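A.B. asks: For the sequence shown, position 157 matches number 157 in UniProt numbering, and the numbering has no gaps at all. All C-beta atoms in this analysis are idealised placements derived from N, C-alpha and C, irrespective of residue type, glycine included. The structure displayed is predicted, hence computed values, not measured ones.
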Amino acid sequence: MGDLLLAYERLLRETRRLVRRSDRAELEMNQLNSRLQDLAAELEHRATHDTLTGVLNRAAVIELVNQYFVHDDLSLIVLDIDHFKRINDSFGHPTGDKVILGVVACLQAVVPSSAQIGRVGGEEFTVVLPRQSADVSERLAQDLRRAIEICDFDLPDGSRVSASFGVSWAPAGGDFDSAYGFADEALYVAKRGGRNQVCLSSCSMQSLEHET
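Written as structure tokens, this is what we have:
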């Protein structure tokens, strides 16, 4: 009987040890899975967002716009920081990065929650506006332009920063290339006209006139 009790106690201790080991293994596995999920989320974020500003990168903007166009009309604002090369050349890239971050902060302070901001080039950005008319988007672009114009970027020479804007609108069934192309053409007109202004694409103006 005594031998049986000793054997039982040994088995009981071994069972408890194995249970503790199993609990530790389960805890470690859960911690590992949590880390893997965090890393996967970080990788996904880095794949779709600009590293400097945290806004969408060009590839993500293209995918987003094309997804919206499956069912919705869409306005696209394209903006470019005026004389940005001069800022970089005069004050260095750290100051240029500071200006880029400041412009993004201006955009984020003004755009509605339904909009998405993207960086599609060095100093070029987009604002994606699903289910938004051309005239409303043009007014928003003017608000964004003014927000940048009045912002103090604390440049060494005290100069101001401005941006030029192009706006396009297209019905459902469009695609990024055409929407961006029209907005970029309007942006070129704004640049050629003296910068620090907003231009609506000719196709969007025709659509607006047709609606009215």
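Which residues does DSSP list as the beta-bridge partners of Cys199?
C.D. replies: Within the sequence shown, the letter at position 199 stands for residue 199. DSSP output for Cys199 lists Gly166 as bridge partner(s).
A.B. asks: When you compare the segment 51–67 with the segment 145–163, are there three or more beta-carbon pairs, one atom per stretch, that lie closer than 8 Å?
C.D. replies: Cβ pair count under 8 Å is below three, so no.
A.B. asks: Among the candidates Ile117, Arg17, Arg131, whose CA atom is the shortest distance from the CA of Val61?
C.D. replies: In the sequence shown, counting from the first residue as 1, residue 61 sits at position 61. Nearest option by C-alpha distance: Ile117.
A.B. asks: Going by DSSP in three states, Arg34 sits in which element: helix, strand or coil?
C.D. replies: Residue mapping note: residue 34 aligns to position 34 of the sequence shown, counting from 1. Correcting the residue type first, residue 34 is Ser in the shown sequence and not Arg. Helix.
A.B. asks: When DSSP labels each residue in this structure, what does Phe153 get in the three-state scheme?
C.D. replies: In the sequence shown, the residue the question calls residue 153 occupies position 153. The answer is coil: DSSP assigns Phe153 none of H, G, I, E or B.
A.B. asks: Here's the rule I'm using: 16 or more other beta-carbon atoms within 10 Å means buried, otherwise exposed. How should Ile100 be labelled?
C.D. replies: On the sequence shown, residue 100 is found 100 positions in, with the first residue counted as 1. Classification for Ile100: buried.
A.B. asks: So, helix, strand or coil for Leu56, using DSSP?
C.D. replies: In the sequence shown, residue 56 corresponds to position 56, counting from 1. Three-state DSSP puts Leu56 in a strand.
A.B. asks: With a cut-off of 8 Å, do at least 3 Cβ pairs link the segment 137–154 to the segment 73–81?
C.D. replies: The segment 137–154, when compared against the segment 73–81, does touch it at the 8 Å Cβ threshold.
A.B. asks: Does the segment 141–153 come close enough to the segment 179–188 that 3 or more CB-CB pairs lie under 8 Å?
C.D. replies: Touching, no.
A.B. asks: How about Phe165 and Val65: do their beta carbons lie closer than 8 Å?
C.D. replies: As a working note, residue 165 is residue 165 in the sequence shown. As a working note, residue 65 is residue 65 in the sequence shown. Their beta carbons are not under 8 Å apart, which means Phe165 does not touch Val65 by this criterion.
A.B. asks: DSSP three-state call for Leu75: helix, strand or coil?
C.D. replies: Indexing the sequence shown from 1 puts residue 75 at position 75. Note that residue 75 corresponds to Ser in the displayed sequence, not to Leu. Three-state DSSP puts Ser75 in a strand.
A.B. asks: Does DSSP classify Thr116 as helix, strand or coil?
C.D. replies: Stepping through the sequence shown from its first residue, residue 116 is reached at position 116. Residue identity check: residue 116 is Gln in the sequence provided, not Thr. Three-state DSSP puts Gln116 in a strand.
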